[in-house]
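*Asks:*
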(Lines of atoms letter the chains of each structure in order from A and count residues from 1; the text may use other names and numbers.)
(Lines give C-alpha, C1' and ligand atoms only; values in the text may rest on other atoms or scores of the structure.)
Protein backbone atom coordinates (compact mmCIF):
# COMPACT_ATOMS: atom_id res chain seq x y z
CA UNK A 1 0.00 0.00 0.00
CA UNK A 2 1.35 3.40 -1.01
CA UNK A 3 0.07 6.64 0.51
CA UNK A 4 0.94 9.92 -1.21
CA UNK A 5 0.73 13.35 0.40
CA UNK A 6 0.68 15.94 -2.37
CA UNK A 7 1.94 19.44 -1.58
CA UNK A 8 -0.09 20.92 -4.43
CA UNK A 9 1.14 24.45 -3.72
CA UNK A 10 4.62 23.23 -4.55
CA UNK A 11 4.24 20.69 -7.34
CA UNK A 12 0.93 21.63 -9.01
CA UNK A 13 -0.43 19.20 -11.65
CA UNK A 14 3.02 17.81 -12.43
CA UNK A 15 3.24 16.15 -9.03
CA UNK A 16 0.35 13.86 -9.99
CA UNK A 17 2.17 12.35 -12.96
CA UNK A 18 1.95 8.58 -12.55
CA UNK A 19 -1.41 8.23 -10.81
CA UNK A 20 -2.63 5.99 -13.64
CA UNK A 21 -0.12 3.34 -12.51
CA UNK A 22 -1.49 3.13 -8.97
CA UNK A 23 -3.83 0.40 -7.75
CA UNK A 24 -7.00 0.31 -5.66
CA UNK A 25 -5.05 -0.07 -2.39
CA UNK A 26 -3.15 3.18 -2.89
CA UNK A 27 -4.22 6.53 -1.47
CA UNK A 28 -3.49 10.01 -2.84
CA UNK A 29 -4.18 12.90 -0.46
CA UNK A 30 -3.97 16.35 -2.07
CA UNK A 31 -3.24 19.43 0.05
CA UNK A 32 -4.17 22.70 -1.61
CA UNK A 33 -4.84 26.31 -0.72
CA UNK A 34 -6.77 29.28 -2.05
CA UNK A 35 -3.73 30.24 -4.11
CA UNK A 36 -3.28 26.73 -5.53
CA UNK A 37 -6.70 25.23 -6.22
CA UNK A 38 -6.87 24.78 -9.98
CA UNK A 39 -6.17 21.65 -12.06
CA UNK A 40 -6.06 21.12 -15.79
CA UNK A 41 -8.82 19.12 -17.43
CA UNK A 42 -6.27 16.40 -18.22
CA UNK A 43 -5.30 16.02 -14.56
CA UNK A 44 -8.94 15.89 -13.53
CA UNK A 45 -9.58 13.13 -16.10
CA UNK A 46 -6.60 11.11 -14.88
CA UNK A 47 -7.87 11.32 -11.30
CA UNK A 48 -11.27 10.01 -12.36
CA UNK A 49 -9.69 7.14 -14.30
CA UNK A 50 -7.14 6.20 -11.63
CA UNK A 51 -8.06 3.17 -9.46
CA UNK A 52 -6.44 4.82 -6.40
CA UNK A 53 -8.48 6.51 -3.65
CA UNK A 54 -8.24 10.30 -3.62
CA UNK A 55 -8.68 12.53 -0.59
CA UNK A 56 -8.54 16.32 -0.41
CA UNK A 57 -7.55 18.79 2.28
CA UNK A 58 -7.98 22.52 1.75
CA UNK A 59 -6.01 24.88 3.95
CA UNK A 60 -8.24 27.20 5.96
CA UNK A 61 -8.46 30.74 4.59
CA UNK A 62 -7.49 32.24 7.94
CA UNK A 63 -4.11 30.49 7.65
CA UNK A 64 -3.27 32.29 4.42
CA UNK A 65 -0.01 34.12 4.88
CA UNK A 66 1.08 31.90 7.79
CA UNK A 67 4.52 30.59 6.88
CA UNK A 68 4.63 26.86 6.11
CA UNK A 69 1.03 26.37 7.30
CA UNK A 70 0.22 23.79 4.62
CA UNK A 71 3.46 21.91 5.30
CA UNK A 72 2.71 21.68 9.03
CA UNK A 73 -0.84 20.44 8.41
CA UNK A 74 0.40 17.84 5.92
CA UNK A 75 3.02 16.47 8.33
CA UNK A 76 0.56 16.38 11.24
CA UNK A 77 -1.94 14.38 9.16
CA UNK A 78 0.79 12.05 7.94
CA UNK A 79 1.97 11.35 11.49
CA UNK A 80 -1.56 10.36 12.46
CA UNK A 81 -1.85 8.08 9.42
CA UNK A 82 1.48 6.41 10.14
CA UNK A 83 0.13 5.22 13.48
CA UNK A 84 -2.74 3.49 11.65
CA UNK A 85 -0.80 2.18 8.63
CA UNK A 86 2.63 1.20 9.95
CA UNK A 87 3.52 -1.08 7.01
CA UNK A 88 2.50 1.30 4.22
CA UNK A 89 4.96 3.16 2.01
CA UNK A 90 4.58 6.91 2.59
CA UNK A 91 5.53 9.60 0.09
CA UNK A 92 5.57 13.37 0.35
CA UNK A 93 5.25 14.70 -3.17
CA UNK A 94 7.06 18.03 -3.03
CA UNK A 95 10.36 19.70 -3.82
CA UNK A 96 10.27 21.66 -0.56
CA UNK A 97 13.28 21.09 1.70
CA UNK A 98 11.19 21.92 4.80
CA UNK A 99 10.11 18.26 4.90
CA UNK A 100 13.63 16.84 5.06
CA UNK A 101 14.11 16.85 8.86
CA UNK A 102 10.66 15.32 9.35
CA UNK A 103 11.49 12.50 6.93
CA UNK A 104 14.83 11.81 8.65
CA UNK A 105 13.08 11.55 12.01
CA UNK A 106 10.50 9.07 10.71
CA UNK A 107 13.14 6.95 9.00
CA UNK A 108 14.91 6.57 12.36
CA UNK A 109 11.71 4.86 13.53
CA UNK A 110 11.87 2.48 10.53
CA UNK A 111 8.99 4.13 8.68
CA UNK A 112 9.10 3.72 4.91
CA UNK A 113 8.94 7.36 3.84
CA UNK A 114 10.41 9.32 0.94
CA UNK A 115 10.12 12.72 -0.72
CA UNK A 116 9.57 12.67 -4.46
CA UNK A 117 8.71 15.28 -7.06
CA UNK A 118 6.13 13.19 -8.91
CA UNK A 119 3.96 10.19 -8.02
CA UNK A 120 5.58 8.19 -10.83
CA UNK A 121 8.94 8.31 -9.02
CA UNK A 122 7.57 5.91 -6.40
CA UNK A 123 7.45 3.09 -8.96
CA UNK A 124 11.23 3.27 -9.24
CA UNK A 125 11.68 1.71 -5.79
CA UNK A 126 12.82 -1.91 -6.40
CA UNK A 127 10.38 -4.69 -5.55
CA UNK A 128 13.20 -6.39 -3.62
CA UNK A 129 13.39 -3.45 -1.21
CA UNK A 130 9.64 -3.54 -0.62
CA UNK A 131 9.74 -7.30 0.00
CA UNK A 132 12.65 -6.85 2.41
CA UNK A 133 10.60 -4.36 4.42
CA UNK A 134 7.67 -6.78 4.60
CA UNK A 135 9.96 -9.64 5.62
CA UNK A 136 11.55 -7.51 8.35
CA UNK A 137 8.12 -6.67 9.73
CA UNK A 138 7.15 -10.34 9.75
CA UNK A 139 10.39 -11.30 11.52
CA UNK A 140 9.85 -8.62 14.17
CA UNK A 141 6.31 -9.84 14.79
CA UNK A 142 7.47 -13.46 15.08
CA UNK A 143 10.13 -12.43 17.61
CA UNK A 144 7.53 -10.48 19.58
CA UNK A 145 5.27 -13.55 19.66
CA UNK A 146 8.07 -15.82 20.87
CA UNK A 147 8.99 -13.43 23.68
CA UNK A 148 5.35 -13.18 24.78
CA UNK A 149 4.74 -16.92 24.89
CA UNK A 150 7.87 -17.47 26.97
CA UNK A 151 6.93 -14.65 29.32
CA UNK A 152 3.35 -15.89 29.65
CA UNK A 153 4.52 -19.31 30.80
CA UNK A 154 6.55 -17.75 33.63
CA UNK A 155 4.28 -14.98 34.89
CA UNK A 156 0.70 -15.46 33.72
CA UNK A 157 0.03 -19.13 33.03
CA UNK A 158 -1.04 -20.15 36.54
CA UNK A 159 -4.01 -17.76 36.68
CA UNK A 160 -4.74 -17.00 33.03
CA UNK A 161 -4.17 -20.24 31.12
CA UNK A 162 -7.69 -20.17 29.65
CA UNK A 163 -7.26 -16.54 28.60
CA UNK A 164 -3.90 -16.95 26.90
CA UNK A 165 -5.06 -16.22 23.35
CA UNK A 166 -7.05 -13.15 24.40
CA UNK A 167 -4.03 -11.68 26.18
CA UNK A 168 -1.84 -12.67 23.23
CA UNK A 169 -4.16 -10.87 20.81
CA UNK A 170 -4.27 -7.76 23.00
CA UNK A 171 -0.47 -7.64 23.25
CA UNK A 172 0.34 -8.35 19.60
CA UNK A 173 -1.99 -5.60 18.42
CA UNK A 174 -0.63 -2.96 20.77
CA UNK A 175 2.23 -0.59 20.05
CA UNK A 176 1.92 1.32 23.32
CA UNK A 177 0.95 0.59 26.90
CA UNK A 178 -2.23 2.60 26.44
CA UNK A 179 -3.20 0.50 23.43
CA UNK A 180 -2.50 -2.66 25.42
CA UNK A 181 -4.73 -1.40 28.23
CA UNK A 182 -7.52 -0.58 25.76
CA UNK A 183 -7.21 -3.98 24.08
CA UNK A 184 -7.36 -5.86 27.39
CA UNK A 185 -10.48 -3.92 28.33
CA UNK A 186 -12.27 -5.73 25.51
CA UNK A 187 -11.78 -9.07 27.28
CA UNK A 188 -11.45 -8.41 31.01
CA UNK A 189 -12.88 -6.37 33.88
CA UNK A 190 -10.80 -3.50 35.28
CA UNK A 191 -9.44 -5.52 38.21
CA UNK A 192 -8.13 -8.28 35.92
CA UNK A 193 -6.69 -5.71 33.48
CA UNK A 194 -4.75 -4.06 36.30
CA UNK A 195 -3.42 -7.41 37.45
CA UNK A 196 -2.35 -8.48 33.96
CA UNK A 197 -0.64 -5.16 33.27
CA UNK A 198 1.21 -5.38 36.57
CA UNK A 199 2.47 -8.88 35.75
CA UNK A 200 3.50 -7.75 32.26
CA UNK A 201 5.39 -4.69 33.49
CA UNK A 202 8.83 -6.03 32.56
CA UNK A 203 7.58 -7.10 29.14
CA UNK A 204 6.04 -3.71 28.33
CA UNK A 205 8.58 -1.37 29.97
CA UNK A 206 10.04 -0.34 26.60
CA UNK A 207 6.67 0.31 24.98
CA UNK A 208 5.75 4.00 24.61
CA UNK A 209 3.10 5.54 26.83
CA UNK A 210 2.46 5.40 30.51
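In my numbering, the protein residues as written are 2 to 211. All residues carry an ideal CB built from backbone N, CA and C; glycine is no exception. Since the structure is predicted, the reported quantities are computational estimates derived from the model, not experimental observations.
So does the region 166 to 176 actually touch the region 186 to 197, counting three or more Cβ pairs closer than 8 Å?
*Replies:* Cβ pair count under 8 Å is three or more, so yes.
*Asks:* Please say whether residue 60 and residue 33 have beta carbons closer to each other than 9 Å?
*Replies:* The Cβ-Cβ distance between residue 33 and residue 60 falls below 9 Å.
*Asks:* Give me the Cα-Cα distance between residue 11 and residue 180, rounded to the nearest whole angstrom.
*Replies:* 37 Å
*Asks:* Could you give the first and the last residue of the continuous beta strand (DSSP E) run that contains residue 55?
*Replies:* 54 to 59
*Asks:* When the Cα atoms are used, what is the spatial distance from residue 90 to residue 200?
*Replies:* 36 Å
*Asks:* Using the Cα positions of residue 39 and residue 16, report the straight-line distance between them to the nearest angstrom.
*Replies:* 13 Å
*Asks:* Could you tell me the boundaries of the alpha helix (DSSP H) in which residue 195 lies?
*Replies:* Note, residue 195: alpha helix (DSSP H), 191 to 200.
*Asks:* Do residue 92 and residue 152 count as a contact pair if the criterion is CB distance below 9 Å?
*Replies:* no
*Asks:* On the DSSP bridge assignment, give the partners of residue 7 in chain order.
*Replies:* 31 and 94
*Asks:* Determine the extent of the alpha helix (DSSP H) in which residue 80 is found, giving its start and end residues.
*Replies:* 70 to 85
*Asks:* Nearest to residue 45 by CA position, among 62, 21 and 158, is which residue?
*Replies:* 21
*Asks:* What number of angstroms, rounded off, separates the C-alpha of residue 114 from the C-alpha of residue 37?
*Replies:* 25 Å
*Asks:* Spatial neighbours of residue 121 within its chain, please: C-beta separation below 8 Å, excluding the five flanking residues on both sides.
*Replies:* 18, 19 and 22
*Asks:* Can you name the start and end residues of the alpha helix (DSSP H) that residue 105 belongs to?
*Replies:* In the DSSP assignment, residue 105 falls within the unbroken alpha helix (DSSP H) covering 101 to 109.
*Asks:* Answer yes or no: do residue 198 and residue 182 have a C-beta to C-beta separation smaller than 9 Å?
*Replies:* yes
*Asks:* Return the chain-ordered list of same chain residues with a C-beta closer than 8 Å to the C-beta of residue 119, the five sequence neighbours on each side being excluded.
*Replies:* 12, 15, 16, 17, 18, 19 and 94
*Asks:* Against chain B, with Cβ distances strictly below 9 Å, would residue 59 count as a contact?
*Replies:* In the structure shown, chain B cannot be found, because there is only a single protein chain.
*Asks:* Just to confirm, is the Cβ distance from residue 29 to residue 58 under 9 Å?
*Replies:* no
*Asks:* Start and end of the beta strand (DSSP E) containing residue 116?
*Replies:* 114 to 117
*Asks:* So, for residue 157: in the same chain, excluding its five sequence neighbours on each side, which residues have a beta-carbon less than 8 Å away from its beta-carbon?
*Replies:* 165, 168, 197, 200 and 201
*Asks:* Hey, quick one: how far does the alpha helix (DSSP H) through residue 165 stretch, first residue to last?
*Replies:* 165 to 173
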